[in-house]
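Trainee: Shown below is the structure under consideration.
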Amino acid sequence: MSAKESNEPLETIELNNHRKITILGTAHVSQASADKVKELIATQAFDAVAVELCPSRYKAIIEPDQLAKMDLFQVIRQGQAYMVAASLALGAFQQRMAESMGIEPGAEMRTAIRDAQAASLPVILIDREIGVTLKRIYHNFPWWQRFGLFGGLLASIISRETPSTEEIERLKEGDVLESTFSQLAENQQDLYQPLIAERDQYMSARLLQEIAQGQHQHTLAIVGAGHMQGIGNLLRSPDPRSPNEVINELDVVPQRSRWIQYAPWVIVALILTGFFLGFQRGPEIGLAMVIDWVLINGGLSAMGALIALAHPLTIVTAFLAAPLTSLNPMVGAGMVAAAAEIYLRKPKVSDFMRLRHDTVRLSGWWQNRVTRTLLVFLLASFGSAIGTYVAGFRIFDRLSGN
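Under my numbering, the residue at position 356 of the sequence shown is numbered 356, and the numbers go up by one with no gaps.
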């Protein structure tokens with residue numbers, strides 16, 4: 001087998017234990033890649049098939065209706081709403097690209113799973129969980145760049161514009177995550193490390209781990225073309241550490257620094273101190289501060305819910321909840337507003353089933369009850385966060401002016 005037989009890059013690496021790994025570099029929106037996968041598995045030259053999928057992405061392929069089983073309130077309560085929204089947006093980007101080329105997104109991975117199972121070959125999942133990768137990307141960026149990065153991500157992915165030739169060519173390199181984020185952070189090492197380099201390390205370690213644990217003599221590894229060189233280099237010159245050590249290190253989700261954890265409580269303490277000083281100077285000043293706090297914080301949170309086209313009672317809930325929840329960092333206005341929206345407009349099974357289709361269109365994010373609830377959470381939370389700072393400055397402005 002050589003790369004000359006196909007336009008799809010192909011390389012076979014022989015390890016020290018005389019076992020072999022053939023790496024096929026694919027494009028995730030290429031019918032030619034899917035055809036090449038089918039051709040290779042049909043040769044019966046392999047006793048295992050490894051795919052660039054994590055458990056959650058694999059499950060999404062073999063159980064396309066799994067989203068219908070998602071407990072939306074639990075997702076929000078457990079702080080996973082941002083990751084779910086980002087994952088849906090990434091899927092929408094890939095779907096939009098695939099539709100522009102007239103094929104099914106991820107066709108080569110579906111072909112690999114289906115044909116490997118038909119040939120009774122084990123399917124090995126070698127990629128890191130997408131949630132861990134997104135969190136490590138988020139952690140790698142300075143805090144002042146994070147809103148711009150993910151805001152730009154969501155804006156570009158749900159855009160109704162036809163994908164440009166450059167976007168399509170970049171995606172043909174084979175990594176949907178890289179294709180998406182590279183437009184928002186060109187040439188940034190902060191992005192490259194968790195998105196590409198770490199996943200190269202992770203996937204090569206997973207391949208070595210599986211070969212060490214199993215009896216696979218010749219494994220076919222199907223990865224995005226953008227990862228092929230990095231994985232190949234790491235297989236030829238493995239990390240001196242054991243595969244388990246590499247995987248465990250790369251699976252760690254970075255913790256927030258202590259000052260970020262304490263910052264909300266410090267802000268609450270400053271706001272309450274402002275109220276105390278205001279009432280000390282006179283009931284009128286203190287009452288004016290409370291009114292400022294309620295109107296600004298509640299108003300901006302309600303505006304966020306309004307932009308998300310929330311139910312009218314949800315908008316009222318956001319207005320009433322924000323001034324109170326902003327004084328308790330354990331509960332957010334977005335969570336309360338989202339809970340009200342779920343109660344008032346409970347998503348139907350059909351909403352979950354249509355998620356992949358609806359998220360491709362900008363209007364679909366507002367029409368689908370699931371994504372609209374996520375928008376309510378995100379925008380009401382964002383409005384309340386802005387309101388906290390604006391109202392806080394207003395409170396101390398009253399103190400300094402009186």
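Quick reminder that beta carbons are idealized off the backbone N, C-alpha and C, glycines included.
Can residue 8 and residue 26 be called in contact, C-beta distance under 8 Å?
Mentor: Cβ atoms of residue 8 and residue 26: closer than 8 Å.
Trainee: Determine the burial state of residue 18: buried for a count of at least 16 other Cβ atoms within 10 Å of its Cβ, exposed for fewer.
Mentor: Classification of residue 18: exposed, given that the 10 Å Cβ count is below 16.
Trainee: For residue 74, which residues in the same chain have their Cβ closer than 7 Å to its Cβ, ignoring the five residues on either side in sequence?
Mentor: Once the five neighbours on either side are set aside, residue 74 has no close Cβ partner at all.
Trainee: By DSSP, does residue 126 sit in helix, in strand, or in coil?
Mentor: If DSSP states are grouped into helix, strand and coil, residue 126 belongs with coil.
Trainee: Helix, strand or coil for residue 36? Go by DSSP, reduced to three states.
Mentor: In the structure shown, residue 36 sits in a helix (DSSP, three-state: H, G or I).
Trainee: For my contact list, residue 234 and residue 271 are in at a C-beta cut-off of 8 Å; report their separation, rounded to the angstrom.
Mentor: So it is not a contact: roughly 51 Å between Cβ atoms.
Trainee: Who does residue 22 pair with in a DSSP beta bridge?
Mentor: For residue 22, which the question treats as bridged, DSSP gives the partners 12 and 220.
Trainee: Please return the same chain residues whose Cβ sits closer than 8 Å to the Cβ of residue 388, not counting the five positions on each side in sequence.
Mentor: So the qualifying residues of the chain are 267, 271, 297 and 326.
Trainee: Just verifying my parser: in three-state terms, what is the DSSP assignment at residue 310?
Mentor: Note: residue 310 maps to coil in three-state DSSP.
Trainee: State buried or exposed for residue 201, treating a residue as buried only when at least 16 other CB atoms are found within 10 Å of its CB.
Mentor: So residue 201 ends up on the buried side.
Trainee: Can you list, in chain order, the stretches of the alpha helix (DSSP H) that have 4 or more residues and sit fully within the region 349-390?
Mentor: Qualifying alpha helix (DSSP H) stretches, in chain order: 349-353, 355-358 and 364-367.
Trainee: Let me know if residue 245 comes out buried or exposed under the rule of 16 or more other beta-carbons within 10 Å of its beta-carbon.
Mentor: The residue in question, residue 245, is exposed, as its Cβ has fewer than 16 Cβ neighbours within 10 Å.
Trainee: Exposed or buried, residue 318, counting other C-beta atoms within 10 Å across all chains shown (16 or more means buried)?
Mentor: The residue in question, residue 318, is buried, as its Cβ has 16 or more Cβ neighbours within 10 Å.
Trainee: Under a three-way DSSP split, which group does residue 92 fall into?
Mentor: In the structure shown, residue 92 sits in a helix (DSSP, three-state: H, G or I).
Trainee: What span of residues does the beta strand (DSSP E) with residue 75 cover, start to end?
Mentor: Unbroken run through residue 75 is the alpha helix (DSSP H), 72-77; no beta strand (DSSP E).
Trainee: How is residue 294 classed by DSSP in three states: helix, strand or coil?
Mentor: Correct three-state label for residue 294: helix.
Trainee: Bridge partners of residue 50, per DSSP?
Mentor: According to DSSP, residue 50 bridges with 124 and 221.
Trainee: Roughly how many angstroms separate the alpha carbons of residue 137 and residue 250, rounded to a whole number?
Mentor: When rounded, the distance between both Cα atoms is 12 Å.
Trainee: Helix, strand or coil for residue 401, going by three-state DSSP, please let me know.
Mentor: Residue 401: helix per DSSP, three-state reduction.
Trainee: Using a Cβ-Cβ cutoff of less than 6 Å, which residues in the same chain neighbour residue 254 once the five nearest sequence positions on both sides are dropped?
Mentor: Closer than 6 Å at Cβ, skipping near neighbours: 139.
Trainee: When we look at the beta-carbon of residue 286 and count the other beta-carbons within 10 Å, is it buried (16 or more) or exposed?
Mentor: Flag for residue 286 reads buried.
Trainee: Can you find the residues in the same chain that come closer than 7 Å, C-beta to C-beta, to residue 409, ignoring five residues on each side of it along the sequence?
Mentor: Since the first and last residues shown for the chain are 1 and 402, residue 409 lies out of range.
Trainee: For residue 214, which of 121, 330 and 127 has the nearest alpha-carbon?
Mentor: Answer by Cα proximity: 121.
Trainee: Can you tell me whether residue 283 is helix, strand or coil according to DSSP?
Mentor: Reduced to three states, the DSSP call for residue 283 is helix.
Trainee: Just to confirm before moving on: does the CB-CB distance between residue 219 and residue 48 stay below 8 Å?
Mentor: Yes, Cβ-Cβ distance for residue 219 and residue 48 is below 8 Å.
Trainee: Rounded to the nearest angstrom, how far is the Cβ of residue 373 from that of residue 338, given a contact under 8 Å?
Mentor: Rounded, the Cβ-Cβ distance is 5 Å, consistent with contact.
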